[in-house]
Each structure stands twice: as C-alpha cells, then as structure tokens.
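> Line order of the protein sequences matches chains A and B. Just so you know, we're using the numbering used here here: the first sequence kicks off at 292 and counts up by one. Just so you know, we're using the numbering used here here: the second sequence kicks off at 3 and counts up by one.
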Amino acid sequence: MRVTENMRYSSVASNLAELSSRQATAAQQAQTGLRVNLPSDDPIAAAQLARLSASQAQVSTRRGTISAVRGDTELAESSLQQASDLMANAKELAVQGGNGSLGASERASLALQVKNIHDEMVGVANTKGSSGYLFAGSQTQTQPFADDGTFSGDDESHVVDIGNSTPTAVNASGAKAFTAAGGRDVLGDLDALYTALNSNDTVGITATLTNLDTSRSQITNAQAAAGIIINRLDASDAVLSSVQLQNAKSTDEDGSADPATAYTNLTQLNNSLQQSVSVSKTILDLAAFKQF
Amino acid sequence: MAGLTSLLNVARDALTAQSYGLAVTGSNISNASTPGYVRRVALLQTQALGTQTGGSVVASGLQRVTDDFVERREYAATGLSSAATTRDQTTASVESLFNDSAGTGLGTSLSNLFSSFSGLANNPTDGTTRTNVLAAADAFTQSVNATGTALDQAKQDLTTQAQQTIDQINQRAQEIAKLDMQIAQATMQGNDAADLKDQRTQKLLNISGLINTTTFTDGNGDQVVQVAGTTIVDGTHAGKLSLDLNGDGSLKLNAVQSGGGTTEITQYLTGGTLGGIKEARDTDLFDVSKKLDQFVFDTATAINTQHAAGVGADGGTGRNLFDVGSTADGAARNIKVSADVFNQPDRIAAAANVFSVPGGSDNAVAMAKLADVFTNTGSTRTAAEAYGDLVGSVGTTRANSQRDVETQGAILQQVQSMHQSESGVSLDEEMVALTKYQNAYQAASKVLNVADTLLGDLMTDVGR
Numbered sequence: 292m293r294v295t296e297n298m299r300y301s302s303v304a305s306n307l308a309e310l311s312s313r314q315a316t317a318a319q320q321a322q323t324g325l326r327v328n329l330p331s332d333d334p335i336a337a338a339q340l341a342r343l344s345a346s347q348a349q350v351s352t353r354r355g356t357i358s359a360v361r362g363d364t365e366l367a368e369s370s371l372q373q374a375s376d377l378m379a380n381a382k383e384l385a386v387q388g389g390n391g392s393l394g395a396s397e398r399a400s401l402a403l404q405v406k407n408i409h410d411e412m413v414g415v416a417n418t419k420g421s422s423g424y425l426f427a428g429s430q431t432q433t434q435p436f437a438d439d440g441t442f443s444g445d446d447e448s449h450v451v452d453i454g455n456s457t458p459t460a461v462n463a464s465g466a467k468a469f470t471a472a473g474g475r476d477v478l479g480d481l482d483a484l485y486t487a488l489n490s491n492d493t494v495g496i497t498a499t500l501t502n503l504d505t506s507r508s509q510i511t512n513a514q515a516a517a518g519i520i521i522n523r524l525d526a527s528d529a530v531l532s533s534v535q536l537q538n539a540k541s542t543d544e545d546g547s548a549d550p551a552t553a554y555t556n557l558t559q560l561n562n563s564l565q566q567s568v569s570v571s572k573t574i575l576d577l578a579a580f581k582q583f
Numbered sequence: 003m004a005g006l007t008s009l010l011n012v013a014r015d016a017l018t019a020q021s022y023g024l025a026v027t028g029s030n031i032s033n034a035s036t037p038g039y040v041r042r043v044a045l046l047q048t049q050a051l052g053t054q055t056g057g058s059v060v061a062s063g064l065q066r067v068t069d070d071f072v073e074r075r076e077y078a079a080t081g082l083s084s085a086a087t088t089r090d091q092t093t094a095s096v097e098s099l100f101n102d103s104a105g106t107g108l109g110t111s112l113s114n115l116f117s118s119f120s121g122l123a124n125n126p127t128d129g130t131t132r133t134n135v136l137a138a139a140d141a142f143t144q145s146v147n148a149t150g151t152a153l154d155q156a157k158q159d160l161t162t163q164a165q166q167t168i169d170q171i172n173q174r175a176q177e178i179a180k181l182d183m184q185i186a187q188a189t190m191q192g193n194d195a196a197d198l199k200d201q202r203t204q205k206l207l208n209i210s211g212l213i214n215t216t217t218f219t220d221g222n223g224d225q226v227v228q229v230a231g232t233t234i235v236d237g238t239h240a241g242k243l244s245l246d247l248n249g250d251g252s253l254k255l256n257a258v259q260s261g262g263g264t265t266e267i268t269q270y271l272t273g274g275t276l277g278g279i280k281e282a283r284d285t286d287l288f289d290v291s292k293k294l295d296q297f298v299f300d301t302a303t304a305i306n307t308q309h310a311a312g313v314g315a316d317g318g319t320g321r322n323l324f325d326v327g328s329t330a331d332g333a334a335r336n337i338k339v340s341a342d343v344f345n346q347p348d349r350i351a352a353a354a355n356v357f358s359v360p361g362g363s364d365n366a367v368a369m370a371k372l373a374d375v376f377t378n379t380g381s382t383r384t385a386a387e388a389y390g391d392l393v394g395s396v397g398t399t400r401a402n403s404q405r406d407v408e409t410q411g412a413i414l415q416q417v418q419s420m421h422q423s424e425s426g427v428s429l430d431e432e433m434v435a436l437t438k439y440q441n442a443y444q445a446a447s448k449v450l451n452v453a454d455t456l457l458g459d460l461m462t463d464v465g466r
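(1) On the three-pair Cβ rule with 8 Å, is the segment 240-249 of chain B touching the segment 287-302 of chain B?
(2) For B/His239, list the residues DSSP reports as bridge partners.
(3) Tell me whether the beta-carbon of A/Gly440 lies closer than 9 Å to the beta-carbon of A/Gly465.
(4) What residues of chain A sit near B/Phe218, judged by a beta carbon separation below 8 Å?
(5) Where A/His449 and A/Ile520 are concerned, what is the direct C-alpha to C-alpha distance, given to the nearest angstrom?
(6) Cβ of A/Ala315 less than 9 Å from any chain B Cβ?
(7) Are any of the Cβ atoms in chain A nearer than 9 Å to that of B/Arg202?
(8) Return yes when the C-beta of A/Ser312 is under 8 Å from any heavy atom of the ligand PLP, and no when it is not.
(9) Please name the residue, chosen from B/Thr27, B/Phe71 and B/Ser21, that lies closest to B/Val60 on a Cα-to-Cα basis.
(10) Can at least three beta-carbon pairs, one atom from the segment 331-339 of chain B and one from the segment 138-155 of chain B, be found at a separation below 8 Å?
(11) Only counting the same chain, and skipping five residues up and downstream in sequence, which positions put a Cβ closer than 6 Å to that of B/Thr93?
(12) Just to confirm before moving on: does the CB-CB distance between B/Ala353 and B/Gly312 stay below 9 Å?
(13) Should the segment 360-378 of chain A be called in touch with the segment 505-523 of chain A, which here means at least 3 C-beta pairs below 8 Å?
(14) State yes or no: is the beta carbon of A/Thr418 nearer than 9 Å to at least one beta carbon in chain B?
(15) Does the CB of A/Asp525 have a neighbour CB from chain B at under 9 Å?
(16) Does the separation of the CB atoms of B/Ala44 and B/Val427 fall below 9 Å?
(17) Which residues of chain A have a Cβ atom closer than 8 Å to the Cβ of B/Asp391, listed in chain order?
(18) Give the straight-line distance between the Cα atoms of B/Asp300 and B/Gln225, rounded to the nearest whole angstrom.
(19) How about A/Pro550: is its C-beta nearer than 9 Å to some C-beta of chain B?
(20) Pull up the distance between the alpha-carbon of B/Asp128 and that of A/Thr431, whole angstroms please.
(21) I need the boundaries of the beta strand (DSSP E) containing A/Val494, first residue and last residue.
(22) So, does the CB of B/Met3 fall closer than 9 Å to a CB anywhere in chain A?
(23) Answer with yes or no whether the minimum CB distance from A/Glu296 to chain B is below 9 Å.
(24) Is the beta carbon of A/Leu536 less than 9 Å from the beta carbon of B/Asp102?
(25) Could you tell me whether the segment 562-578 of chain A touches the segment 303-321 of chain A, using the rule of 3 or more Cβ pairs below 8 Å?
(26) Give me the Cβ distance between A/Asp504 and A/Lys382, rounded to the nearest whole Å; I'm assuming they're in contact under 8 Å.
(27) Any idea what DSSP makes of A/Ala442, helix, strand or coil?
(28) Taking only the alpha-carbon atoms, compute the straight-line gap between B/Met3 and B/Ala50 and give it to the nearest angstrom.
(29) For B/Asn124, collect the residues of the same chain with a Cβ closer than 8 Å to its Cβ; drop the 5 residues on either side in sequence, then sort them by chain order.
Dropping the structure here:
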C-alpha cells in the first residue's frame, strides 16, 4: 500500500483523539465515582436509576411521615393512659361513696373530687398535638369537648401514606374513647357519679360502678388501639428502612464505578496516551527529505 | 542519422522536459497538505520525428492520479458520517435535558410533588403544607415547561439549520456548474485544468457532507451530480432545492423544477447534514417530545382527577390542580398550575368529603398514593416508571447516534485513507522524483556541453 503524508498525519491525529477521548471518560469515571454520567452511558441502568431515585424519594418521604406523626400518636396513647387512670380514681371514689357509713357532707366532698376528675378529663380529651386537637377526628382546629361534655368533633380518621396498601389511620378516635359512639359517654358517667354523690344517692352511686368500668375499658381499648398504631408505624419504618438500604445498594450497583477498576483504567490509559504521543513523534520525524 | 545540431535540439528538449518534471514535483511538494489536492505525474514521451529516430523527449502534459470509484465512495461516506454527527449533536443536547445524575431531569420535581402530597396528609390544617403543595406543583410545571420549550427550541433551530443547509447546497451546485463550464473551456483550449478539477472534487466533497450525493458521467460526457436522487448539476446547468413544512410540522424537501413547480424528494434524503437534521428533528425530537407530552399529560390528568374528587379547606370541590388541556399534544410546554387553585392554598383538596374538613387527609393520601398507581402509558406504568422509561429511551437514542458517529467516522476514515493512498502526495516519492529529474537535467546539460564542445572543435579545426 502506498502511504502518503496525509495518511500518516491523519492516522496519528485520529489515534490520539480516540485515546484522549477514552482517557477523558476514564478520568470522569474515576473523578465522579459514577459509571453512568449520562443516560447514554448505559440507558438501561439510567432508566433503572431514575426509578430507584423516585422510589428512594418516596421511601424517605414515608419515613419522614412516620417520624412526623409518631409523636402525636404517642401523645394520644399517653393521654389515654392518663384518662384511664382518672377513671380508676373515679371508680375508687364511687366505691368509697357507696359505703353506707358515709354521711352526706362526706359524699359532697367526694363529689367535689369527682368534679375535679371530670374537669381533668375534659382537659385530657382536649389535648393538642402538633396538628391540632388529638381527639377531635377531622375537626382538629376546634376544641372537641365542651365543659358540659358536648362533643363537637367527629369520628373521621387521620390517614397518612406510609407505604401500606390501604391508607393508615394514625389518630386515636376521641369519639370512640370518650363519647356514646364508643358505648359509654365518659364525661356523662362522671357527671352521673357527681350528681349521685352530691345528692347523697347511695343506690345511684352503686349504679354508676358498672358504667364507670365500661367507660374505663372503652378508654383502655382506645389506648391499646393507639399502641397498635405505634407498633404498625415502627414495623413500617423497619420495612422502609430495609427498602432504603436495598435501593441504595441497587443504585450503587447500577450507577457507581468500581474505584479500583476506574483507577486502573485511568492509569492504563494515561500510560497508553503517553506512549502513543512518543510513538507519534517518531512517526512524524520519519521523512526521507530530512536525510538528504 | 541525425547530426550534431540535432543533438543540441535533443539536449534542449531534454532540459525542457526534465524541468517540467521538476516543476510538477515542486507543485506536488508544495501542495502536500493542501486539502483536495490530487498528486500529478508528469507525462514524458519520446518525440517522434516521422519515421526517423529522433531520440528527443517531450512533456506531453500531466496526469491527476485519481480513482472515480474511490471518490464516489468518499462522497457517500462523507454524507453518512456528517449525517451521524449532525444527529448526534441534537441527541446529545436532548440527553442533557434528561440527565438526572447532573440534576437536570424531571425526576426530582416529580418526587417532590408526590412528597408534598404526603406532607399535606401529615398535617392538613397546617397552611405551610398546602403552600408546599402549590410550590411543588409550580416547580414541577416550571421544569416540565423548561424541558418542553427546550425541545421545541431545538426543533425550530433545526428548521433554520435545514434552510441554511439547503441554501448552501444550492450555492455549491451553482459553483460546481460554473467550474464544469471553466473546465470544459480549459480542456477545449488544450489545458489540463488539474487545479479546477481539484476544486470541483473539493466542492463535491463539500456538498456530499450536506446531503447524500452521487455522481456519474452521462452519455454526452457531461458530469451529472445527483443529491437525494435528484439531478442538481447536469453539465453546466445547476438545479435548486427548496424547503417546506408538512401539515404535521415535519420537514419537506422539494426539488424545484425548471418550470417553477416542485417535486417532493424527502423520502430519498438519507445523508449529509440535511439527512441528519431530518432524522434528529422529525424522528428523535418528535419521539421524545411526544413521550414527554404523554408523560406529563398522564401524570397531571391522574393528579387532577384525584384532586377534583377531594375537598379544599374552604369546602369547595371539583377543582383541578393543573391546567393541562384535554390532549397530550403540547402538554409539556403548556402545563401550568390551574387558576382554580393558583395562590389559594385553602383550595388544595386534602379531605375526601366536606364533613372531614379541615383535618381530613384521605384525599391527600390518595394523591400521594398515585405514585404507586399505574397512571401512565395506557395504565401500565407508574409516573416514576414512565419517567424512567423516557430517560432510558433518550439514553438509547443517544447511545445509538454515538455509535453511528463512530461507525460512520471509521468508514469515512478508511475511505479517505484509500483516497489518500491513491491520490495523496508522498514526500518520500517526491524526493526520489526530484532527485531523478535533477540528475536527468544535469545529464542533459552535459549532453549540451558535449555537443557544444564538438561543434566548437569542428569550427576551430575547419577554420584554421
């Protein structure tokens, strides 16, 4: 084959350009630590990375949701514990009041204590969390329990998205815990006890005992439900955290360059480039006219 | 038999012929790196003197060492290579619009949008979460608008570029026709016209980079140049191309007929910058715009439907979150936050019914959960999956066009190398030729010297 000057120059130029471009790619991979710097570097991996990144964003949003709502649910649970303790106190007072040896004035003083419990109960039922009244259903901006026990809330659930197939309700139902919707009207029962004690009505006092028990177990049930919600939040968080790990691992596998390989490649190409430059110099020096 | 006087003539002819050889060699050396220069060889032959042996030499002209077949292959390879390069420029810029690893994609704003729905569900009565939804919706429309507009701009730029390319093709065609005329005139006057022919080849290479080009010689010996299957130069006559747009906005390439009418030749356009523009604009860009529009339309429509089903903090319902139109066409460019809710956070529909206002979050959760629902691509993919598919297809297109650039570039290089091997100047060869002609010239001088001496001797002796 006849080799001419232009062939020599253009082959030197194109070989150097090819090597430089490969060296630049290797340098980029080594520098960024990423194997997929552009979708075209590996279209399938790029598509997968886009999906993984969406999934990762969703998982971290859901974990954020769990930690955001967990506080309120815990507060609801401990409030219900408090309510349940108040009911226990009320029952003790009722038992005391039922004692035949007590006089009217002593019962009246017990009635005062029950009144206090009632007021405390209203306070507990009106507990406010980070997003409003905890036991108001959806009416979180309005105080749900008036002093006379009127309930202005509702039994709507506060649902959030934590990745379960059905939306997860994270609020404790005030309606079910405190009002007739759950079986007994708790504040009403306390009222009844107060009235019976105040009017020195022994039969009436004894009659409240069963109702007070039912009211208390109604609150305890609601407390247990709140506990279950917290357990569920924790369980979901554990699942999400492992999904997050798995996603991170897949992202790494799909998109990251192995540092050792990347560095080896780079070193190799650096050397090739250097050699190629010196070989090119020799080739370009080769010309008959220089010998004349 | 010739005498001493004719030996003088022989020496004179030899000096002329060898210096012609030197001149040709010099021209080769000086043009060793001139683009399009085809090496010349001086043609020397013996001077016939009737039936006698003259012994004299004459330079009968020069030969351009070229091969039509290789030249045609170079035109074809140039066309395909420049088509691939042009296309790759567009696919590269499209790819950069969807490069989530560099933070330019839509993935983040899509995730943020769904995340804002979750935030709304966590605390529907907090005004901030509502404002966040509006902000995320706005950011989503902004980034989608930017991408859609960039794609549209790329399309318009390619239209301009196509028009400029066609102007260049028409210009080159005229130049080639003019060169053909000059070559014909020069040839008639007995000149070799080698430089003009070099220029013509160069122009042909140029035009073949703009559009797929073939050449042949017709029955009359005229050089015919065809682009996209249409004769644009026939002998000394140049034709014209013109550009038009089809109803669907795609490019339409026409050959202008001598009567002024046009014939569409778009389907024969396969190479050159214009071929690359056509493919990048009407296939690649069209495809990605369509997919982006569909992605935006599907996602926004699903969110709209869910949002309209819910109830805002003001008790109102049936409002869309996005204004996206009724078809996917142009959705990416035109989508915006609906005027129903714009700047009115209270109207974000977190609750599922009017009774659960303001604390109800069922609808907010339903919107957040749309991220897991097959809302896109004919209800077969989630929004994030559909976006991933879009990124994948953009990447595949770019990877293909890159591969094309490499393949066509390698083919072109090979053909160029064949061409250079045939027609290029080798300085080594020229050095040998230079020495050859130099020695021959010196020898011819010696012949002249000998003839002169002999004639001188003769005259001196006779005159004594």
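Ideal placement from N, C-alpha and C gives every residue a C-beta, glycine not left out. Remember, predicted model here, so these are calculated numbers, not experimental data.
Checking against the coordinates, here is how it stands:
(1) no
(2) Mapped onto the second sequence, residue 239 of chain B falls at position 237. For B/His239, which the question treats as bridged, DSSP gives the partners B/Asp236.
(3) Taking the first residue of the first sequence as position 1, residue 440 of chain A is located at position 149. Taking the first residue of the first sequence as position 1, residue 465 of chain A is located at position 174. No. Outside cutoff.
(4) Taking the first residue of the second sequence as 1, we reach residue 218 of chain B at position 216. Neighbours of B/Phe218 on chain A: none; closest Cβ ~26 Å, over 8 Å.
(5) Against the first sequence, residue 449 of chain A aligns to sequence position 158. Against the first sequence, residue 520 of chain A aligns to sequence position 229. Looking at the two C-alpha atoms, the distance is approximately 12 Å.
(6) Position 24 of the first sequence, counted from the start, is the residue given in the question as residue 315 of chain A. Cβ-Cβ to chain B under 9 Å: no for A/Ala315.
(7) The sequence position of residue 202 of chain B within the second sequence is 200, counting from 1. No, B/Arg202 does not count as interfacial toward chain A.
(8) Absent from the structure shown: the ligand PLP. Ligands present: none.
(9) Within the second sequence, residue 60 of chain B is the residue found at index 58, counting from 1. That would be B/Ser21, whose Cα lies nearest to the Cα of B/Val60.
(10) yes
(11) For the purposes of this step, residue 93 of chain B is taken as residue 91 along the second sequence, with counting starting at 1. Excluding residues within five positions, the ones whose Cβ falls inside 6 Å are Asp286, Thr399, Arg400 and Ser403.
(12) As a working mapping, residue 353 of chain B is identified with position 351 in the second sequence. As a working mapping, residue 312 of chain B is identified with position 310 in the second sequence. Yes; because the gap between Cβ atoms is below 9 Å, this pair is in contact.
(13) yes
(14) Against the first sequence, residue 418 of chain A aligns to sequence position 127. So no, A/Thr418 is outside the interface.
(15) As a position in the first sequence, residue 525 of chain A is number 234, starting the count at 1. Output row for A/Asp525: interface = no.
(16) In the second sequence, counting from the first residue as 1, residue 44 of chain B sits at position 42. In the second sequence, counting from the first residue as 1, residue 427 of chain B sits at position 425. Their beta carbons are not under 9 Å apart, which means B/Ala44 does not touch B/Val427 by this criterion.
(17) The count along the second sequence starts at 1 and reaches residue 391 of chain B at position 389. Correct list: Ala338.
(18) In the second sequence, counting from the first residue as 1, residue 300 of chain B sits at position 298. In the second sequence, counting from the first residue as 1, residue 225 of chain B sits at position 223. Their backbone Cα atoms lie some 56 Å apart in a straight line.
(19) Along the first sequence, one-based indexing puts residue 550 of chain A at 259. It does not; no Cβ of chain B falls within 9 Å.
(20) Along the second sequence, one-based indexing puts residue 128 of chain B at 126. Along the first sequence, one-based indexing puts residue 431 of chain A at 140. Their Cα atoms are separated by approximately 11 Å.
(21) Here residue 494 of chain A refers to the residue found at position 203 when the first sequence is read from its first residue. From DSSP, A/Val494 is part of no beta strand (DSSP E) but of the alpha helix (DSSP H) over Thr493 to Gly546.
(22) The sequence position of residue 3 of chain B within the second sequence is 1, counting from 1. Confidence at B/Met3 is low in this model, with a pLDDT of 44, below 50, so the placement of that residue is unreliable and no value is reported for it.
(23) Reading the first sequence from its first residue, position 5 is the one you call residue 296 of chain A. With 9 Å as the cut-off, A/Glu296 counts as an interface residue toward chain B.
(24) As a first step, residue 536 of chain A must be located in the first sequence, where it is residue number 245. As a first step, residue 102 of chain B must be located in the second sequence, where it is residue number 100. No, the pair does not count as a contact, with Cβ atoms beyond the cut-off.
(25) yes
(26) As a position in the first sequence, residue 504 of chain A is number 213, starting the count at 1. As a position in the first sequence, residue 382 of chain A is number 91, starting the count at 1. Between A/Lys382 and A/Asp504 the Cβ distance is about 7 Å, and since that is below 8 Å, they are a contact.
(27) Position 151 of the first sequence, counted from the first residue, corresponds to residue 442 of chain A. Reading off the sequence, residue 442 of chain A comes out as Phe, not Ala. The answer is strand: DSSP assigns A/Phe442 an E or B state.
(28) Here the question's residue 3 of chain B lines up with position 1 in the second sequence. Here the question's residue 50 of chain B lines up with position 48 in the second sequence. Note that B/Met3 scores a pLDDT of 44, beneath 50, so its modelled location is shaky; the value from the coordinates is reported in the next line. For B/Met3 and B/Ala50, the distance between alpha carbons rounds to 14 Å.
(29) Position 122 of the second sequence holds residue 124 of chain B. These residues qualify, in order along the chain: Thr131 and Ser363.
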